[in-house]
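Visitor: Structure incoming, see below.
Number of protein chains: 2
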Amino acid sequence: MTTGKTRVDAKKLTDFTIRAFQKVGVPQEDAQITARILVATDLRGVDTHGIAHLAGYVRGVKGGRINRKPNVKVFSQAPATATMDGDQGLGFVVGHHAMMEAIHRAEKTGAGFITVRNSTHFGAGAPYAMIALEHDMVGIAMTSTGLGVVAPGSVKPAVGTNPLAVAVPAGKKPPFVLDMATSVVAGSKVELARREGKSMPEGWVIDKEGKPITDPTEYKVSSEGGLLPLGGTPALGAYKGFGLGVLVEILCGVLSGSSAIILKKPPEMTYCEHFFGALRIDSFLPVKNFKKSMDEMIEAFEALPTLPGARKIYAAGGYEAEIEKDRKANGIPLHFKVVEGLQGLAKELDIKYDL
Amino acid sequence: MTTGKTRVDAKKLTDFTIRAFQKVGVPQEDAQITARILVATDLRGVDTHGIAHLAGYVRGVKGGRINRKPNVKVFSQAPATATMDGDQGLGFVVGHHAMMEAIHRAEKTGAGFITVRNSTHFGAGAPYAMIALEHDMVGIAMTSTGLGVVAPGSVKPAVGTNPLAVAVPAGKKPPFVLDMATSVVAGSKVELARREGKSMPEGWVIDKEGKPITDPTEYKVSSEGGLLPLGGTPALGAYKGFGLGVLVEILCGVLSGSSAIILKKPPEMTYCEHFFGALRIDSFLPVKNFKKSMDEMIEAFEALPTLPGARKIYAAGGYEAEIEKDRKANGIPLHFKVVEGLQGLAKELDIKYDL
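Chain order of the listed sequences is P and L. Going by the working numbering, the first residue of the first sequence is number 18, and it counts up by one from there. Going by the working numbering, the first residue of the second sequence is number 18, and it counts up by one from there.
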């Protein structure tokens with residue numbers, strides 16, 4: 018797990034991240050929020066969406082593409098719902114406030130749903146959905162992304178990888194946390210295969226003639242060819258993955274008053290939209306009963322017999338909870354290229370490097 | 018489209034269905050609700066979930082497994098949410114009332130979410146989600162089903178095909194209507210292949226050793242082997258389809274105070290649970306703007322270039338809207354076996370047959 022990698026303490030990594038954002042003018046509280054989400058993502062093993070991209074976010078703020086002090090506005094016409102304008106702020110900060118807004122509304126009415134326009138990349142969805150857990154709520158987070166996933170029957174990208182995340186509390190067992198791109202794989206999986214010199218299975222990406230690409234160096238995000246929607250081929254349900262991708266596009270892009278990515282022109286394409294939801298469990302049934310029933314279900318899944326090669330059956334989030342336990346105790350293993358990147362960033366910003 | 022099939026008028030089919038349910042003691046209003054949903058399903062081309070199963074529902078009522086006059090109860094702790102007990106009534110009737118309850122709550126608070134226990138099979142999910150359309154809302158419907166879908170890495174069924182449906186209004190274009198099993202295919206697709214003597218693609222079903230089954234006569238719902246979750250294999254995202262299936266299980270089975278199907282014993286397994294939601298669009302942005310933006314997105318999808326063999330790119334529900342137009346004008350094509358079944362039912366119940 019740690020070959021060619023350095024274990025880094027989560028607390029130190031958080032402090033380093035806060036320093037980096039503060040140095041480019043992000044207020045302390047916002048820097049703390051962002052650092053917490055980025056490090057939480059790495060703690061759960063989602064190395065593609067966390068600290069590895071820190072420099073990109075910091076440079077986005079430094080260069081002015083991301084607004085360091087956004088004036089986030091909430092427009093509400095009803096107790097359970099609202100629309101937010103993120104004022105092109107850091108997606109982490111905007112997303113955190115929107116998720117908290119959903120939770121506050123669910124506290125009052127049982128349900129809270131917030132659509133957000135004019136935001137920027139918020140990392141992974143799970144950390145937002147998971148804020149709901151400590152409030153004994155079901156949490157939901159979605160985001161629109163750049164164009165890259167083809168419609169079944171076409172080779173032209175129609176939607177983004179448009180991930181959706183849902184977190185549900187359990188009792189003794191780890192929470193159910195589903196965080197999935199609505200494409201077969203997220204673009205970062207292709208990047209990973211490229212970095213590691215591995216080939217991709219057929220069914221991830223097609224070229225401009227609709228033929229599978231297995232060499233990751235052959236794939237570039239372009240106007241023709243792209244990632245396949247979950248399901249892959251029409252016979253195996255690609256219209257379902259595409260439908261889910263379009264649904265995320267609707268709840269984020271259309272409902273927020275922005276638009277679907279397929280209609281955007283630069284510089285609109287720089288910004289993205291999110292959708293957050295919270296459902297208060299005790300407005301449906303006693304939390305204690307719910308958690309007991311969740312535990313029983315998860316235990317039944319874990320007791321399922323496994324095929325050769327499969328170690329254990331998990332409910333979504335169970336595997337990530339095991340990784341988190343290890344990384345909290347032993348540090349987060351960072352790839353040497355990520356470490357080099359952080360060292361370079363420290364030099365560029367003239368901040369202390371102590372990882 | 019009509020080979021070996023008889024075109025039947027939707028109005029006549031509705032009236033016949035009402036007669037059948039009234040004859041076994043279902044109150045007129047409930048018979049009307051049920052008939053409307055069943056025929057709406059056939060009108061949209063979903064022949065596997067509509068009138069073909071009429072006899073099963075009617076006999077369920079006749080034999081007492083389905084409660085003809087349920088005392089449906091609503092338990093509410095908050096303005097936007099509620100839990101319902103369906104009292105083992107017809108899933109169509111219980112589902113209709115629950116969806117209306119979600120809509121009434123969304124009228125007041127912007128969002129409405131209802132979980133339902135102790136119900137029975139409600140047919141397809143789309144007709145419930147689509148009730149929201151005439152209220153300018155986003156509609157959501159989910160249901161738990163019988164055990165049949167394996168967890169990735171196991172050959173033992175862990176969840177049902179657990180479909181989810183979402184309907185979103187558009188302006189001039191047909192509404193977005195996604196209605197999908199969270200498995201690669203619904204069990205009825207296997208039935209269809211069996212009836213038509215066709216083989217199945219690899220990736221639909223595995224046997225008790227985890228090997229693909231392509232002969233539909235070899236597959237029976239049993240304790241080992243089963244339908245694959247959407248994604249199919251772990252490398253192509255099966256954990257996503259499984260995660261979605263478990264999510265439906267949670268929102269229906271666990272949240273309603275019933276339990277996950279994996280824990281149920283007979284006779285509990287006879288009954289199922291649902292989950293409904295509604296989001297009021299004008300609590301987020303003006304309906305007019307929303308519908309215009311939906312139309313623009315759908316038109317952009319329809320304008321995408323197609324691969325050889327693909328006629329046109331649709332947003333979810335677009336193809337079904339074309340079928341509906343044809344069937345409303347020219348009647349619903351019923352397979353001769355379905356017609357025979359309806360004739361037999363008419364005889365059994367001693368009701369008028371005029372289709």
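Glycine included, each C-beta is placed from N, C-alpha and C at the ideal position.
1. Residues of chain L with CB closer than 8 Å to the CB of P:N135, please, in chain order.
2. Is any beta-carbon of chain P found at less than 9 Å from that of L:F301?
3. For L:F301, does the three-state DSSP call read helix, strand or coil?
4. Kindly provide the ranges of any beta strand (DSSP E) runs that are 3 or more residues long and lie completely inside the region 66–109 of chain L, ordered along the chain.
5. Applying the 10 Å Cβ sphere with the 16-neighbour rule, what's the burial state of L:M18?
6. Is P:I68 near P:T34, with beta carbons less than 9 Å apart?
7. Measure the beta-carbon distance from P:A184 to P:M147 and round it to whole angstroms, keeping in mind my assumption that it falls under 8 Å.
8. Please list the partners that P:S310 has in chain L, where partner means a Cβ-to-Cβ separation under 7 Å.
9. Is the Cβ of P:S205 closer than 9 Å to any Cβ of chain L?
10. Give me whichever residues DSSP pairs with P:V167 in a beta bridge.
11. Taking the CB atoms as reference points, tell me whether L:K257 and L:G243 lie closer together than 9 Å.
12. Mark L:E341 as exposed unless 16 or more other C-beta atoms lie within 10 angstroms of its C-beta, in which case mark it buried.
13. Quick one: measure Cβ to Cβ for P:A52 and P:F38, integer angstroms, because I've assumed they're closer than 8 Å.
14. Is there a Cβ from chain L that is less than 9 Å from the Cβ of P:S216?
15. For L:L247, which residues in chain P fall below 7 Å Cβ to Cβ?
16. So for L:T19, helix, strand or coil by DSSP?
17. Rounding to the nearest angstrom, what Cα-Cα distance links L:V207 and L:I230 in this structure?
18. Scan the region 22–55 of chain L for residues whose Cβ lies nearer than 8 Å to a Cβ of chain P and list them as they occur along the chain.
19. Buried or exposed: L:A320, going by 16 or more other Cβ atoms within 10 Å of its Cβ?
20. Hey, does L:K282 have any beta-carbon neighbour from chain P nearer than 9 Å?
21. Just verifying my parser: in three-state terms, what is the DSSP assignment at L:V207?
22. Just the Cα atoms here: how many angstroms apart are L:G165 and L:K237?
23. Let me see if you follow: with CB-CB separation under 9 Å, is P:T132 close to chain L or not?
24. Which runs of the beta strand (DSSP E) fall wholly inside the region 256–334 of chain P and span at least 3 residues, in chain order?
25. Quick one: does L:V78 have its CB under 9 Å from some CB of chain P?
26. In whole angstroms, what separates the C-alpha of L:Q105 from that of P:M314?
27. Quick one: is P:V91 buried, meaning 16 or more other Cβ sit within 10 Å of its Cβ, or exposed?
28. Given a threshold of 16 other Cβ atoms within 10 Å of its Cβ, counted over all protein chains shown, does P:P246 qualify as buried or as exposed?
29. At least one CB of chain P closer than 9 Å to the CB of L:M159: is that the case?
30. Kindly list, in the order they appear in chain P, the residues whose Cβ is closer than 9 Å to that of L:M147.
31. Specify, as a first and last residue, the run of the alpha helix (DSSP H) that P:D367 falls within.
32. Between L:M197 and chain P, is the shortest Cβ-Cβ distance under 9 Å, so that the two count as touching?
33. Do you know offhand how far P:A332's Cα is from L:G260's?
34. Following the continuous alpha helix (DSSP H) through P:D47, name the residue where it begins and the one where it ends.
35. Measuring CA to CA, which of P:H138, P:I330, P:K86 is closest to P:E46?
Guide: Per the coordinate set shown:
1. The premise fails here: P:N135 is roughly 13 Å from chain L at the closest Cβ pair, so nothing lies under 8 Å.
2. yes
3. Correct three-state label for L:F301: coil.
4. 90–95, 98–102
5. With a pLDDT of only 44 at L:M18, under 50, the local geometry of the prediction cannot be trusted, and the value read off the model is given with reservation. Result: exposed.
6. yes
7. At roughly 5 Å, the Cβ-Cβ gap stays under 8 Å, so P:A184 and P:M147 are in contact.
8. V271, S276
9. no
10. P:P174
11. In this structure, L:G243 does not lie closer than 9 Å to L:K257 by Cβ.
12. buried
13. 7 Å
14. no
15. L247, G248, G254, K257
16. With a pLDDT of 45 at L:T19, under the threshold of 50, the modelled position of that residue is not reliable, and no figure is offered here.
17. In a straight line, the C-alpha of L:V207 is about 11 Å away from that of L:I230.
18. none
19. exposed
20. no
21. DSSP, read as helix, strand or coil, puts L:V207 in helix.
22. Going by the C-alpha atoms only, they are around 10 Å apart.
23. P:T132 has a beta carbon lying within less than 9 Å of a beta carbon in chain L.
24. 289–297
25. Interface residue (Cβ-Cβ distance to chain P less than 9 Å): L:V78 is not classified as such.
26. 23 Å
27. Burial call: exposed.
28. Here P:P246 is buried, its C-beta having at least 16 other C-beta atoms within 10 Å.
29. no
30. What L:M147 touches in chain P: nothing, since even the nearest Cβ is about 15 Å away.
31. Where P:D367 is concerned, there is no enclosing alpha helix (DSSP H), given that its DSSP letter is neither H nor E.
32. yes
33. Their Cα atoms are separated by approximately 7 Å.
34. 45–60
35. Here the closest residue by C-alpha is P:K86.
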